[in-house]
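The opening position of the first sequence corresponds to residue 1 in our numbering, with each subsequent residue numbered one higher.
One structure is given here, and the rest of the page talks about it.
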Amino acid sequence: MDLCLAKARSCMKTQYERSRVSELAHEVLKQKQFYYAGKPQISDAKYDAMESELRKLSPSHPVLAYVGAAPSATSPRITHDVPMLSLNKTYKVDDLHSWVGEEPIVGTPKVDGNSLSLVYEDGLLKLAKTRGDGRVGEDVTDKVFWIADCVPKLSKKLSIEVRGEVYCSAHKFAQLVEEMLERKLERPTNPRNIVAGMLGRKNHIDLCRYFNFFAFEVIGVDGLKTEMDKFEFLDNLGFSVLPHKLLKKAAEVETYLEEIKQWMDDDEIGYDGAVFSYNSLSVQSRLGNTSHHPRFKMSFKWPGLTARSKIDKIEWFPSRLGIITPVAVIEPVALSGATITNVTLHNAEHVKAYNLKRGDLIEIIRSGEVIPKFLHVVTPVEGDFDWPVKCPSCKSKLEFDGVRLKCLNSDECPAQRSGFILNWMRAVEIEDISEKRLEQMLSMGLIEAVHELYTLSVKDFLKLPATKDKMAEKLYKNIQATKKVPLAKFLNGLGIEGAGLRTWEKIIEHFPGLEAIQRITAEELVEVEGFAEKSAEQIVSGLKDRKDAIKQLLKVGVTPSVQKAKFAPGEGPLAGKQFVITGALSMPRETIEKMIREAGGKAGSAVSKNTSVLVTNEGDSSSSKMKKAKELGIPIWTEEALLTILRGV
DNA sequence: AGCTATTCGACCATCTGCTC
DNA sequence: GAGCAGATGGTCGAATAGCT
């Protein structure tokens, strides 16, 4: 009886499993084909979940061993003597640890490209082949002669096989797009797919010169004992080899992953994880392969903090300098704790390079946990990108300034005008008035130019919507309070392109006073360290353009003042030191930075080798500033430590 | 000419505090 | 409760400066 029941149960389970297996297998195969065709339909994480479920139910299912689309019938097919397998992968550091065990391993970044195998005979490149399905690939020999890193002739007469990854860097991708468009070819959607596409092409194969090749494997060489030996060997032959590092203990894995992550942020080369191999080749051959991956290699990918959404529309906003910046409004999507609806597209050239338009499915990522960043197009819709012809604000014609679209109507463009006033208000710190209230003031005709702010009365503010006595008085007081303003802020408020607060402070050090600064010639400014012809001219001519604005501001009673520094230049307790702050401190960052400058130090915004100290209250922060500081061995102080020194002043 | 460092300008979501 | 403002957080792209 018991037995019967158990049997029945297992039978039911098997039946369920069987149908689930075939369902999964079908879906996995379908998605694999989409993926290899360069048109993935679901997220990597979803796909992986599906695949691992299938593996659990049917570990030896042939679909799992399927590692690529069958090579197209028209191209010459080449059998790999040694199969080109795909890699086992994990998303968990813990898995990685248990896999590593006690073995020394070699880590490399994982390049998001296409595998390629180069066959040499007597030192000459005879054949290049893609991975294909792992056993049979395609002959792409004619293409690789265009790829600089694929060495055509070795320095020694060796008969070997070299394997690696072909990829297209972000930088070269942009150039490739340009050239493909010139040739009236279809626009490539992203760097990884165009590599696969180009290797399969019959014409325009010279475009392969935009690709690079990283070698990481060599077959047919005697006397190599370790994975590190392989890299050295390949390096000596003249190949670009993947950056690689010997890790002696599993404990070193974490720090190595941190390192890779930093490279990924650069994203010039599309790294998408890390690959680890046992260093000893004898251990490797002892372990051997499963049907679809080597047991001595493991790849690691970070759980994807990306999301996909459709572009609803692209909006173009003119800035105070007339630069028109595109922003993609997307269908709201959740990503690491926030709902994302807007994504910057940087500039007009960017929109062109990726052919961005309404309906495109794009992938985004939150960099620095805050700002959503466009990654790439997943599925484009038909059609071409679109640029505004006229300024969205003043309707005047737009011109190109480098990679950006620009509205040149600086005097009359409403957006630039309000941007100018807004910049002034921010620079001199007029509180409680921002974009909305300024728009109201402008549209009601309360003001037209910056200096008119200072002639407004309490009565004027009462005319604004939702503004009663309390608010009106506050606004009036806030504006009047900025009549006395430090010279650097005054100058910063003039919105001269190329000069920010830091730049003005530096100028004031050499030319103390508004009159002196207005008299500066470009030749004189070039004498100051940090200024060359270009920026000197830009600043001098900017000052000239603002002559009237300055005059009127002075006339209504705005008085810029030069604060006497407590210390002479080069003195003070923090002299010669550059500080960078990360994370929140007890006071606004600007306040602390001001205190640092007053004590003779410098306040920087990014960590470099010139940074003396990183100040933070979050010792375990994983921000990029922190990582960089640790990497460079820069001392890390708490806020308290900094304040102790400042208080001693 | 190529590299590195620095600055400017711009970006977006969330939370908090204030006024109406 | 609605609406506005302000602070916060870190990164990116472009341009420039200055060094080698």
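Ideal Cβ placement from N, Cα and C applies to all residues, glycine included.
Model, not experiment: these values are computed from the prediction.
Proximity below 8 Å, CB of residue i to CB of residue j
{"i": "lysine 352", "j": "leucine 281", "result": "no"}
{"i": "arginine 358", "j": "isoleucine 311", "result": "yes"}
{"i": "alanine 274", "j": "valine 241", "result": "no"}
{"i": "histidine 97", "j": "valine 253", "result": "yes"}
{"i": "leucine 124", "j": "lysine 156", "result": "no"}
{"i": "alanine 328", "j": "phenylalanine 374", "result": "yes"}
{"i": "serine 561", "j": "proline 512", "result": "no"}
{"i": "alanine 599", "j": "leucine 632", "result": "no"}
{"i": "tyrosine 271", "j": "valine 82", "result": "no"}
{"i": "phenylalanine 317", "j": "methionine 298", "result": "no"}
{"i": "phenylalanine 213", "j": "glycine 164", "result": "yes"}
DSSP three-state assignment for residue i, whether helix, strand or coil
{"i": "serine 169", "result": "coil"}
{"i": "asparagine 423", "result": "helix"}
{"i": "alanine 532", "result": "coil"}
{"i": "leucine 124", "result": "strand"}
{"i": "aspartate 384", "result": "coil"}
{"i": "threonine 638", "result": "coil"}
{"i": "alanine 353", "result": "helix"}
{"i": "proline 414", "result": "helix"}
{"i": "serine 285", "result": "helix"}
{"i": "leucine 650", "result": "Coverage of the chain is limited to positions 1 through 649, which leaves residue 650 absent and any answer about it impossible."}
{"i": "glycine 164", "result": "strand"}
{"i": "tryptophan 504", "result": "helix"}
{"i": "leucine 408", "result": "coil"}
{"i": "histidine 244", "result": "coil"}
{"i": "leucine 585", "result": "coil"}
{"i": "arginine 209", "result": "helix"}
{"i": "aspartate 312", "result": "strand"}
{"i": "methionine 298", "result": "strand"}
{"i": "threonine 644", "result": "helix"}
{"i": "histidine 97", "result": "helix"}
{"i": "glycine 601", "result": "coil"}
{"i": "alanine 629", "result": "helix"}
Option nearest residue i by Cα separation, candidates the options
{"i": "cysteine 208", "options": "Gly223, Phe231 and Cys168", "result": "Cys168"}
{"i": "glutamate 315", "options": "Leu643, Lys390, Pro573 and Lys477", "result": "Lys390"}
{"i": "phenylalanine 300", "options": "Thr325, Ile260 and Arg546", "result": "Ile260"}
{"i": "methionine 228", "options": "Pro104, Glu121 and Asp122", "result": "Pro104"}
{"i": "cysteine 394", "options": "Pro414, Lys172, Asp386 and Glu533", "result": "Pro414"}
{"i": "serine 117", "options": "Val100, Val111, Leu287 and Val140", "result": "Val140"}
{"i": "leucine 356", "options": "Pro372, Pro380 and Thr339", "result": "Pro380"}
{"i": "valine 428", "options": "Val450, Phe490 and Tyr476", "result": "Phe490"}
{"i": "glutamine 440", "options": "Lys463, Ser457 and Ala128", "result": "Lys463"}
{"i": "aspartate 460", "options": "His451, Gly445 and Ala449", "result": "Gly445"}
{"i": "leucine 543", "options": "Trp504, Lys468, Asp360 and Leu632", "result": "Trp504"}
{"i": "threonine 559", "options": "Lys609, Val526 and His451", "result": "His451"}
{"i": "valine 540", "options": "Ser159, Gly419, Gln480 and Glu524", "result": "Glu524"}
{"i": "leucine 237", "options": "Ser159, Arg308 and Glu165", "result": "Ser159"}
{"i": "valine 403", "options": "Ile323, Ile371, Glu363 and Pro243", "result": "Ile323"}
Between the CA atoms of residue j and residue i - distance to the nearest angstrom
{"i": "valine 195", "j": "tyrosine 210", "result": "9 Å"}
{"i": "isoleucine 365", "j": "glutamate 331", "result": "15 Å"}
{"i": "valine 407", "j": "threonine 325", "result": "First, the residue type needs correcting, since residue 407 is cysteine and not valine in the sequence shown. Straight-line Cα distance between these residues: approximately 11 Å."}
{"i": "threonine 306", "j": "lysine 484", "result": "48 Å"}
{"i": "glutamate 179", "j": "glutamate 349", "result": "14 Å"}
{"i": "glutamine 518", "j": "aspartate 548", "result": "12 Å"}
{"i": "glutamate 382", "j": "histidine 376", "result": "16 Å"}
{"i": "valine 221", "j": "leucine 185", "result": "42 Å"}
{"i": "tryptophan 424", "j": "aspartate 411", "result": "16 Å"}
{"i": "glycine 304", "j": "asparagine 347", "result": "Confidence in glycine 304 is poor, its pLDDT being 48 and thus under 50, which makes the residue's placement too unreliable to answer from."}
{"i": "threonine 611", "j": "proline 294", "result": "45 Å"}
{"i": "alanine 522", "j": "aspartate 432", "result": "38 Å"}
{"i": "lysine 577", "j": "leucine 514", "result": "29 Å"}
{"i": "alanine 174", "j": "threonine 130", "result": "24 Å"}
{"i": "leucine 405", "j": "leucine 475", "result": "36 Å"}
{"i": "glutamate 509", "j": "glutamate 497", "result": "20 Å"}
{"i": "lysine 248", "j": "tyrosine 278", "result": "10 Å"}
{"i": "glutamate 435", "j": "leucine 246", "result": "55 Å"}
{"i": "leucine 494", "j": "tyrosine 454", "result": "15 Å"}
{"i": "lysine 628", "j": "threonine 616", "result": "14 Å"}
{"i": "valine 378", "j": "serine 319", "result": "30 Å"}
{"i": "alanine 499", "j": "methionine 595", "result": "22 Å"}
{"i": "glutamate 258", "j": "alanine 603", "result": "27 Å"}
Contact test: residue i Cβ vs the ligand GDP heavy atom, cutoff 7 Å
{"i": "lysine 625", "result": "No copy of the ligand GDP appears in this structure; indeed no ligand is present at all."}
Next on the checklist: Restricting to runs no shorter than 3 residues, where is the beta strand (DSSP E) found entirely within the stretch 461-498?
Outcome noted: 484-486
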